[in-house]
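**Q** The structure follows.
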Amino acid sequence: DAMVIQNPRYQVTQFGKPVTLSCSQTLNHNVMYWYQQKSSQAPKLLFHYYDKDFNNEADTPDNFQSRRPNTSFCFLDIRSPGLGDAAMYLCATSRDSGTAEQFFGPGTRLTVL
Amino acid sequence: DQQVKQNSPSLSVQEGRISILNCDYTNSMFDYFLWYKKYPAEGPTFLISISSIKDKNEDGRFTVFLNKSAKHLSLHIVPSQPGDSAVYFCAASAMDSSYKLIFGSGTRLLVRP
Chain A
229 DAMVIQNPRY QVTQFGKPVT LSCSQTLNHN VMYWYQQKSS QAPKLLFHYY DKDFNNEADT
289 PDNFQSRRPN TSFCFLDIRS PGLGDAAMYL CATSRDSGTA EQFFGPGTRL TVL
Chain B
1082 DQQVKQNSPS LSVQEGRISI LNCDYTNSMF DYFLWYKKYP AEGPTFLISI SSIKDKNEDG
1142 RFTVFLNKSA KHLSLHIVPS QPGDSAVYFC AASAMDSSYK LIFGSGTRLL VRP
């Protein structure tokens, strides 16, 4: 089945220790998104790629970076995680931008000790 | 400032009855609205959408109603089934922001057998 895969599902890191979350897709979609969802809050868009074009949200902290080496993979790098970065990180893809349906992965739950 | 609000964190309904989930928004530029459904340990999945040129969209047991003057939309599930038990997210988007999704914080629906 075509899908969006996120690894790992659970990630524990220490305060200030860089961490990378991974997302891959078999849908061959052009657009990949990263969302942050804190407990009982709404998912919030951090950034997205349209093909290789990177689009950062204005309020996304500089501590968060992303890489998309090819169509299938996208990475979220947190350079110096703080306690406030503990959250569920959701990756999503869509065939195109605009109103195209977004397909979500199961998420990676990040714990910062 | 939350632009999309789901004021009921949870809802419990008897199997076979109607479930009504509500969502309010503040940005009058929103012109496309969606509902996503999320089961535990899975990512959100698209359920149904509505454009601002319509006031109703129906798909099987699911109907979304849009009241633009009140900046309110609702999702009706009739009849409700135990398998509908999940978290439901409302999302809104606008053409002038490239249809970036703004999510509500979700409503947890429990359908009792």
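Residue numbers (the numbering used here), protein chains in the order written: chain A, 229 to 341; chain B, 1082 to 1194. Built from N, CA and C at the ideal position, the CB exists for glycine as well.
1) Answer yes if the region 1095-1104 of chain B comes into contact with the region 283-302 of chain A, meaning at least three C-beta pairs across the two stretches below 8 Å, and no otherwise.
2) Quick one: which chain B residues come within Cβ less than 8 Å of A:Thr-254?
3) Going by beta carbon distance, what residues of the same chain come within less than 7 Å of A:Asp-324, once the five residues before and after it are set aside?
4) Please state whether DSSP places A:Leu-311 in a helix, a strand or coil.
5) At 3 residues or longer, what runs of the beta strand (DSSP E) sit wholly inside the region 1136-1193 of chain B?
6) Listing by chain order, which chain A residues have their CB less than 7 Å from the CB of B:Phe-1184?
7) Going by C-alpha distance, which of A:Asn-256, A:Gly-335, A:Val-340 and A:Thr-241 is nearest A:Tyr-278?
8) Suppose the cutoff is 7 Å on Cβ atoms and the five residues either side in sequence are ignored; what does the same chain contact list for B:Pro-1194 look like?
9) Would you kindly work out how many angstroms separate the C-alpha atoms of A:Ile-306 and B:Arg-1098, rounded to a whole number?
10) How would you call B:His-1153, buried or exposed, if buried means at least 16 neighbouring beta carbons within 10 angstroms?
11) Could you give the distance in angstroms between the alpha-carbon of A:Ser-250 and the alpha-carbon of A:Leu-304?
12) Please go through the same chain and pick out, in chain order, the residues whose beta-carbon is closer than 7 Å to the beta-carbon of B:Val-1159, but skip the five residues on each side of it.
13) Can you check whether the C-beta of B:Pro-1125 is within less than 8 Å of a C-beta belonging to chain A?
14) Which residues in chain B have a C-beta closer than 8 Å to the C-beta of A:Gly-335? List them in chain order.
15) Taking only runs of the beta strand (DSSP E) that begin and end inside the region 265-297 of chain A, which ones reach a length of at least 3 residues, in chain order?
16) Any chance the region 1184-1194 of chain B sits against the region 274-292 of chain A, with 3 or more Cβ pairs inside 8 Å?
17) Please list, in chain order, all residues of the same chain as A:Glu-329 whose beta carbon is under 7 Å from its beta carbon, the five residues on each side excluded.
18) Quick check: A:Ala-320 and A:Val-247, are their CB atoms within less than 8 Å of each other?
19) Identify the contact partners of A:Leu-318 in chain B, using a Cβ-Cβ distance below 8 Å as the criterion.
20) Please check the pair B:Ser-1089 and B:Tyr-1113, which I expect to be a contact at CB under 8 Å, by giving their CB distance rounded to whole angstroms.
21) I'd like to know whether the C-beta atoms of A:Tyr-317 and A:Thr-336 end up nearer to each other than 8 Å.
22) So, are the CB atoms of B:Lys-1119 and B:Val-1085 less than 8 Å apart?
23) Using beta-carbon positions only, say whether B:Trp-1116 and B:Val-1094 come within less than 8 Å of one another.
**A** Once the coordinates are examined:
1) Touching, no, given that fewer than three Cβ pairs across the two stretches are closer than 8 Å.
2) The contacting residues do not exist; A:Thr-254 stays about 14 Å from chain B at best.
3) The residues Asn-258 and Val-259, in chain order, have a CB closer than 7 Å to that of A:Asp-324 in the same chain once the five nearest residues on each side in sequence are set aside.
4) Three-state result, A:Leu-311: helix.
5) Runs found: 1137-1140, 1143-1148, 1153-1158, 1167-1174 and 1188-1193.
6) Neighbourhood of B:Phe-1184 in chain A, by CB distance below 7 Å: Ala-270 and Pro-271, in chain order.
7) Relative to the Cα of A:Tyr-278, the nearest Cα in the group A:Asn-256, A:Gly-335, A:Val-340 and A:Thr-241 belongs to A:Asn-256.
8) Cβ contact annotation for B:Pro-1194 (same chain, cutoff 7 Å, sequence separation greater than five): Glu-1096 and Pro-1163, in chain order.
9) The alpha-carbon atoms of A:Ile-306 and B:Arg-1098 are separated by roughly 45 Å.
10) The residue is exposed, with fewer than 16 neighbouring Cβ atoms inside 10 Å.
11) About 7 Å.
12) Here the set comprises Ile-1099 and Arg-1142.
13) Yes, its Cβ sits closer than 8 Å to a Cβ of chain A.
14) Gly-1124, listed in chain order.
15) Correct list: 272-278, 281-284 and 292-295.
16) Segments in contact, no.
17) Here the set comprises Ser-322.
18) Cβ atoms of A:Ala-320 and A:Val-247: not closer than 8 Å.
19) In chain order: Gly-1124 and Pro-1125.
20) The pair is not a contact, with the Cβ atoms about 23 Å apart (cut-off 8 Å).
21) Contact: yes.
22) No.
23) Their beta carbons are not under 8 Å apart, which means B:Trp-1116 does not touch B:Val-1094 by this criterion.
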